[in-house]
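Have a look at the structure below, then the notes.
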Amino acid sequence: MTSILKPGLTMQAEQARHDLERLLYPAANWVQPSTDPEGRPVLDVLVVGAGMCGQSAAFGLLRAGVRNLRVIDREARGREGPWGTFARMLTLRSPKHLTGPDLGIGTLTFRAWYEAQHGAEGWASLYKIPTLTWRDYLLWVRDTVGIAVENRTALVSLKPEGDGLRATLEGPGGQETVHARKVVLALGREGSGSLRWPRFPSFDPRSPAASGRVLHASTEFPFAPMAGKRVAVLGAGATGFDNAATALDAGAAQVTLFARRTSLPQVNKSKWTSFPGFFHGFINLPDEWRWKFLTHVYSEQVPPPHESVLRCDGDARFAVRLGEAWTDLVPGDDAVRIETIRGSHVFDYAILATGFDVDLMERAELAAFRGAVRLWRDRVDAAEASQHAEASRFPYLGAGFELMACEGTALPSARNVHLFNWGSAMSHGQLAGDIPGLAVGVDRLVQAIASDLFVADAKKHHAALLAHAEPELKTTRYYVAP
Ligand SMILES: Cc1cc2nc3c(=O)[nH]c(=O)nc-3n(C[C@H](O)[C@H](O)[C@H](O)COP(=O)(O)OP(=O)(O)OC[C@H]3O[C@@H](n4cnc5c(N)ncnc54)[C@H](O)[C@@H]3O)c2cc1C
Numbered sequence: 005m006t007s008i009l010k011p012g013l014t015m016q017a018e019q020a021r022h023d024l025e026r027l028l029y030p031a032a033n034w035v036q037p038s039t040d041p042e043g044r045p046v047l048d049v050l051v052v053g054a055g056m057c058g059q060s061a062a063f064g065l066l067r068a069g070v071r072n073l074r075v076i077d078r079e080a081r082g083r084e085g086p087w088g089t090f091a092r093m094l095t096l097r098s099p100k101h102l103t104g105p106d107l108g109i110g111t112l113t114f115r116a117w118y119e120a121q122h123g124a125e126g127w128a129s130l131y132k133i134p135t136l137t138w139r140d141y142l143l144w145v146r147d148t149v150g151i152a153v154e155n156r157t158a159l160v161s162l163k164p165e166g167d168g169l170r171a172t173l174e175g176p177g178g179q180e181t182v183h184a185r186k187v188v189l190a191l192g193r194e195g196s197g198s199l200r201w202p203r204f205p206s207f208d209p210r211s212p213a214a215s216g217r218v219l220h221a222s223t224e225f226p227f228a229p230m231a232g233k234r235v236a237v238l239g240a241g242a243t244g245f246d247n248a249a250t251a252l253d254a255g256a257a258q259v260t261l262f263a264r265r266t267s268l269p270q271v272n273k274s275k276w277t278s279f280p281g282f283f284h285g286f287i288n289l290p291d292e293w294r295w296k297f298l299t300h301v302y303s304e305q306v307p308p309p310h311e312s313v314l315r316c317d318g319d320a321r322f323a324v325r326l327g328e329a330w331t332d333l334v335p336g337d338d339a340v341r342i343e344t345i346r347g348s349h350v351f352d353y354a355i356l357a358t359g360f361d362v363d364l365m366e367r368a369e370l371a372a373f374r375g376a377v378r379l380w381r382d383r384v385d386a387a388e389a390s391q392h393a394e395a396s397r398f399p400y401l402g403a404g405f406e407l408m409a410c411e412g413t414a415l416p417s418a419r420n421v422h423l424f425n426w427g428s429a430m431s432h433g434q435l436a437g438d439i440p441g442l443a444v445g446v447d448r449l450v451q452a453i454a455s456d457l458f459v460a461d462a463k464k465h466h467a468a469l470l471a472h473a474e475p476e477l478k479t480t481r482y483y484v485a486p
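Heads up: take any position in the sequence shown, counting from 1, add 4, and you land on the numbering used here.
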C-alpha cells in the first residue's frame, strides 16, 4: 500500500519537514560504531513492530541521533496494527483532538493533517476519527519523518548474546541473523501474550471443527458469509458490539450478544488515568501503589462506547442476553451449539470478543528469556497475585521499559530488551498502548536507550573527547597552534 498525497497534504508534509529541519531532525548520529566479538557490525537498535508504538519509538530515536537502526513488521504496509484489519468500529474511541504520534510537532498532528485536506470547517464538523483515516494518518507521519519500515519481516526469535542480542528474522529474502545492542519490542496488544480463547469442555480453538464457525473477534475474517445467518457474540465490551454491528451490516438474520455480567460496565476508569501527572508520576509510585491503581482499573472493565451500542440497538435483528454465561460451545459441521446457564441455543456462527491475554513469557519470540525475567507476581504477595492473575503475569520492567533479570540470574542482555507495548502498563501506566500517553512513553524510552548507549561506551567517548581538537579561534589573532 503506497500513499497518494492530495495537494494539501503534500504542502503539509513540506511544512512538517521544514519544522523538522529547524529542529535539526534527524540529529547527527553520535553512537560509537560497534562490532560483536567476531567483528560483525552490530545494529544499535532493532525496533520490532511498526504499528503506532514502533514507528513513534523509531521517530524518537532518530530525533535523538540514534540512527543505526532497523524497523521491521511482519505485516504488509498499511496492515500494521488493528486499524485496517480487525478494528471494526467506525471511529476511534478516543476524542478527535488527541496527540501522540506527532511527538509534539504541531504540523505533524492529526488535526494539522486533517485540516490540510478538509479545512478548518471540515475539522470543526468532524465528530470522531474514522478508523481507516487514523491508519492513513499514521502512514503519512511515518513517510513524512522518513522511517524506513521493512514490512513482511518477522522476528522469529531473540536470544541473549553476552550483553547484546541475536535476532533471527524471517523476511521476503528468507532468514537472516541480526546482532543488536538494543531491541525494542513494539508488538502490540497481542504481542504481550496471545488472543484470549475462553475454555469450554467441547471446544478446542485448534480443532478443525471450530474453523470457520467459531471466530475470534480480534482476528480478520469475512462477514459476507454471515448474510441471512444466526450469529452469537460472546462479550459485551467495545469489540463485542462492533463485531455485532458488522454482522448486522453484512445482513445477518439474527445477532445475539451474550455476557456473563447482568449489566454493562458504566464507567471507564482507564480514561481517568489519562492526564500528565499520572503519565509522568505513575512509574515513581511504590509497587504497592502501582498495583493498587491498575488492578482497580482492570477489574472494573471498560464500558462499550455508546456509539457502538447505538449501532446495534434498535435493530430488530439484534438481542442482548446479559447475565447468561456460556457453559459450553459445541462446534458442528452445520452449526454451533451454545450451552448457557439458562439453556441451549443454536447459531451458524459464534464470535468470541474475549480480548487478549497478557503472558509475555509465552511469546515464541522470547522463549530464550522464559523463566528468567521478573514478573509482577514476584513483587506482590501470593494472595494478591492469585486474585489478579492477569496483572501478576505482566513483566516487571525497569525505568526505561527494559526487562529485568530475576535475582541470581546471569542475563545481562535482558536490560537491553525494551518492551514498548501493552505489557508495559503495570510498570509504567498506559504509555505504550493507548494513544494519549504515547509521546510521554516515547520520551522515556528514548532517553533510556540513548543514556544506556552512551554510558556503555564511556571509554570510547572519553577517548573521543581527548582527541577532540577543533580550533575555535583560528580566524583571530589569538589563535595558538596545537
Ligand atoms: C480494536 C482496537 C481499537 C482501539 N481503539 C483505540 C482508541 O480509540 N484510542 C486509543 O487510544 N487506543 C485504541 N486502541 C489501543 C491502541 O491504540 C492500539 O492497540 C494500537 O494499535 C497500539 O499500537 P501498538 O504499536 O502497540 O500495536 P499495533 O498497532 O498492534 O502494532 C504492533 C505491530 O507489531 C507487529 N508484530 C507483532 N509481532 C511481530 C513479530 N514477531 N515480528 C514483526 N512484527 C511483529 C504487528 O504486525 C503489528 O503491526 C485500540 C486497540 C484495538 C485493538
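Cβ atoms here follow ideal geometry from the backbone N, Cα and C, with glycine treated the same way.
Using CA coordinates, which residue listed in the options is at the minimum distance from residue i?
| i | options | result |
| --- | --- | --- |
| residue 331 | 105, 204, 44, 234 | 204 |
| residue 141 | 225, 200, 55 | 55 |
| residue 351 | 108, 176, 187, 216 | 216 |
| residue 196 | 451, 424, 456 | 424 |
| residue 132 | 481, 311, 224 | 311 |
| residue 37 | 461, 476, 30 | 461 |
| residue 162 | 374, 481, 268 | 374 |
| residue 71 | 108, 454, 412 | 454 |
| residue 85 | 135, 289, 354, 293 | 135 |
| residue 98 | 309, 42, 318 | 309 |
| residue 170 | 278, 234, 280, 188 | 188 |
| residue 4 | 336, 296, 415 | With the chain represented from 5 up to 486, any question about residue 4 goes unanswered, as that position is not in the structure. |
| residue 360 | 11, 193, 176, 150 | 193 |
| residue 151 | 76, 118, 130 | 76 |
| residue 338 | 324, 325, 353 | 353 |
Mind reading off the beta-carbon distance from residue i to residue j? Whole number of angstroms is fine, and I expect it under 8 Å.
| i | j | result |
| --- | --- | --- |
| residue 396 | residue 379 | 7 Å |
| residue 432 | residue 342 | So it is not a contact: roughly 39 Å between Cβ atoms. |
| residue 422 | residue 404 | 6 Å |
| residue 51 | residue 68 | So it is not a contact: roughly 13 Å between Cβ atoms. |
| residue 357 | residue 241 | 6 Å |
| residue 333 | residue 206 | 6 Å |
| residue 436 | residue 108 | That belief does not hold up - the Cβ atoms of residue 436 and residue 108 are roughly 17 Å apart, past 8 Å. |
| residue 121 | residue 13 | 6 Å |
| residue 434 | residue 277 | 6 Å |
| residue 235 | residue 256 | 5 Å |
Residues in the same chain with beta-carbon distance under 6 Å from residue i, minus the five sequence neighbours each way, listed in chain order, please.
| i | result |
| --- | --- |
| residue 250 | 92, 227 |
| residue 448 | none |
| residue 102 | 439, 440 |
| residue 78 | 158 |
| residue 6 | Residue placement at residue 6 is flagged as unreliable, the pLDDT there being 49, under the threshold of 50; the coordinate-derived value follows with that caveat. Same-chain partners within the cutoff: there are none. |
| residue 264 | 329 |
Run through the DSSP bridge pairs and tell me what residue i is partnered with.
| i | result |
| --- | --- |
| residue 366 | Answer by DSSP bridge pairing: none, since residue 366 is not bridged. |
| residue 353 | 235 |
| residue 330 | 344 |
| residue 323 | 260 |
| residue 199 | 360 |
| residue 187 | 50, 421 |
| residue 218 | 354 |
| residue 173 | 159, 180 |
| residue 95 | 134 |
| residue 335 | 340 |
| residue 207 | 204 |
Excluding five sequence neighbours on each side, which residues of the same chain lie with their C-beta closer than 7 Å to the C-beta of residue i?
| i | result |
| --- | --- |
| residue 328 | 262, 344, 345, 346 |
| residue 322 | 248, 252, 259, 316 |
| residue 46 | 38, 39, 40, 168, 183, 184, 185 |
| residue 48 | 35, 70, 72, 73, 185, 186, 457 |
| residue 273 | 300, 301, 304 |
| residue 413 | 376 |
Cβ of residue i less than 8 Å from any chain E Cβ?
| i | result |
| --- | --- |
| residue 435 | The question asks about chain E, but that chain is absent: this structure has only one protein chain. |
Residues in its own chain within less than 8 Å of residue i by CB, not counting five upstream and five downstream?
| i | result |
| --- | --- |
| residue 113 | 103, 106 |
| residue 480 | none |
| residue 211 | 335 |
If you scan the segment 241-303 from start to end, which runs of the alpha helix (DSSP H) of 4 or more residues do you find wholly inside it? 242-253, 273-276, 280-285
Can you list, in chain order, the stretches of the alpha helix (DSSP H) that have 4 or more residues and sit fully within the segment 121-171? 135-149
Any beta strand (DSSP E) of 3 or more consecutive residues that is wholly inside the segment 421-482: Look at the segment 421-482 and you find these whole runs of beta strand (DSSP E), each 3 residues long or longer: 421-423.
Alpha helix (DSSP H) segments (min. 4 residues) lying fully within the segment 19-78: 56-67
Unbroken alpha helix (DSSP H) runs of length 4 or more, entirely within the segment 370-408: which are they? 386-391, 393-397
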